[in-house]
Amino acid sequence: MLRATKVRIYPTTKQAEYLNAQFGAVRFAYNKALHIKKHAYQRHGVNLNPRKDLKPLLSVAKKSRKYAWLKEFDSMALQQAVINLDVAFSNFFNPKLKARFPTFKRKHGKQSSYHCVGIKVLENAIKIPKLAPIEARIHRVMTGKVTSITITRSATGKYYASILCEDGIPTPAKPAYLEEEKITGVDMGLEHYAIRSDRAKIANPRHLINASRNLRRKQKALSRKQKGSANRKKARIRLAAIHERVANARADFQHKLSRTIVDENQAVIVETLKTANMMKNHNLARAIGDAGWHSFITKLEYKAAEKGVHLVKLDQWFASSKTCHCCGYKMPEMPLHKRIWRCPECEAEHNRDINAALNIRQKGILELKAAGLVVSAHGGQRKSVVQTVAA
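Note that the working numbering has the sequence shown beginning at 1, numbered continuously upward.
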């Protein structure tokens, strides 16, 4: 199984200068390949393939006098930049992803370079090509073969290494026999971040909204600085530091919550959320973006896979909020402001979010059974239960 670990690294001044130059070389290779591809199509109608047509040009460019400086940097990092361009175009032409057309990479902001040859993880350092070992804070024991190291520099100037290892451990098999009490449905919300089918409500931390006042103050300070000045650079870093702190707090919250949910259950059922469509509501767009539901579901997905837990994603059109979980009656309309409602069919009173979580769980159990899994109200692998379900 592949496992990634992100660690903070502390390059010396000379190492940082080299890494910054390598980021520039990687950015140059990406932008140059994009320019050649666009120019060939606009002028000659030729659609060049970045992997087959543009990647071989790197070795040709290194032999020229104009681009001989590219020899100073890791060739695999430069080749990966062109491969990334190929992936970007594949994503753009994939109708399911709705990715944007690839654009030129900017000098400012997050930078990265990929390495897969001549790499090592030492006791308190990492080794990448053409550099002495870089000091690192290795906070976790890494087992198996190191397959790649990706170096990144954040907008605040901090350096990180994402280390990918093949630990040789096979992916655990998912259980064929499930206990109902270990199956949970999760409804995502804004008033509460997540509502579980056991009626537990997880508060929404609202990281970005809580930091908005500080962000406005730092943004105003940045806008007052003269462009190109040292003070403007300092103000930009202060602003980026707040955004980084918000992103780290959100990721930490999502990691802890997803780990708790996966560890406590054999199956997790969630809805497929189209946040891009939901954010068209300008009154809720900021809150939805702050919640980061998509990244949370992604964390749930890979944690469930490595733990051997079933993750069921329901169809986005499943009417979980306006369907009575007691009798199945479906309300014709359910406005967003209506948090408590009464079923006209069975007279049951529902909390909108808890009702949705219960419906998600019930629907997920039906899909698990349809996939051939045995869901028992008492657990275990008793013969009588298996025969009853099979009958």
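Virtual Cβ for every residue (Gly too), placed ideally from N, Cα, C.
Taken through DSSP and simplified to helix, strand or coil, Gly-118 comes out as coil. For the 8 Å CB-CB criterion, Lys-220 and Arg-238 do not form a contact.
When the five nearest sequence neighbours on each side are left out, the beta carbons in the same chain lying within less than 8 Å of the beta carbon of Ser-112 are those of Phe-23, Val-26, Thr-150, Ile-151, Thr-152 and Arg-153, in order along the chain.
Ile-149 sits in a strand when the DSSP states are folded into three classes.
Within the segment 214-263, no beta strand (DSSP E) run of at least 3 residues lies entirely inside it. A residue is called buried when at least 16 other Cβ atoms come within 10 angstroms of its Cβ; Leu-85 meets this threshold and is buried.
Ser-229 is classed as exposed because its beta carbon has fewer than 16 other beta carbons within 10 Å across all chains shown. For Gly-289, the enclosing alpha helix (DSSP H) starts and ends at 285-291. Contact between the segment 293-300 and the segment 252-260 is present: three or more C-beta pairs spanning the two stretches fall below 8 Å.
Boundaries of the beta strand (DSSP E) around Tyr-193: 192-196. In the DSSP annotation of this structure, the continuous segment of the beta strand (DSSP E) that includes Tyr-177 starts and ends at 177-179. Taking 8 Å as the upper bound for CB-CB distance, Leu-78 and Ala-29 are in contact here, some 5 Å apart. When DSSP states are grouped into helix, strand and coil, Trp-341 belongs to the strand group. As DSSP reads the structure, Gly-189 sits in no beta bridge. Rounded to whole angstroms, the Cβ separation of Val-375 and Val-309 is 14 Å, and the two are not in contact under 8 Å.
Closest in alpha carbon position to Thr-171, among Leu-366, Lys-127 and Met-1, is Met-1. In the same chain as Arg-339, and ignoring 5 residues on each side of it, the C-beta atoms closer than 6 Å to its own belong to Arg-352, in chain order. Between the C-alpha atoms of Lys-127 and Ala-249 there is a straight-line separation of about 29 Å.
Its Cα nearest to that of Tyr-160, the residue Ala-16 stands out among Ala-305, Cys-327, Tyr-193 and Ala-16. In chain order, Met-279 place their CB closer than 7 Å to the CB of Ala-285, counting only its own chain and leaving out the 5 sequence neighbours on each side. When only Cα atoms are considered, Ile-119 and Val-7 end up about 15 Å apart.
Annotation: the continuous alpha helix (DSSP H) that includes Ile-83 extends over 75-92. Collapsing the DSSP output to three states places Asn-281 in coil. Under the three-pair Cβ rule at 8 Å, the segment 344-360 counts as touching the segment 185-199. The beta carbon of Ala-287 sits closer than 6 Å to those of Leu-190, all from its chain and outside the five residues before and after it, given in chain order. Here Lys-313 is not near Val-262, since their CB atoms are 8 Å or more apart. In the three-state reduction of the DSSP assignment, His-350 falls in the strand class. Per DSSP, Val-270 is one residue of the beta strand (DSSP E) stretching across 267-271.
Cβ-Cβ distances below 7 Å link His-207 to Val-246, Ala-249, Arg-250 and Asp-290 in the same chain, with the five nearest sequence neighbours on each side left out; the list follows chain order.
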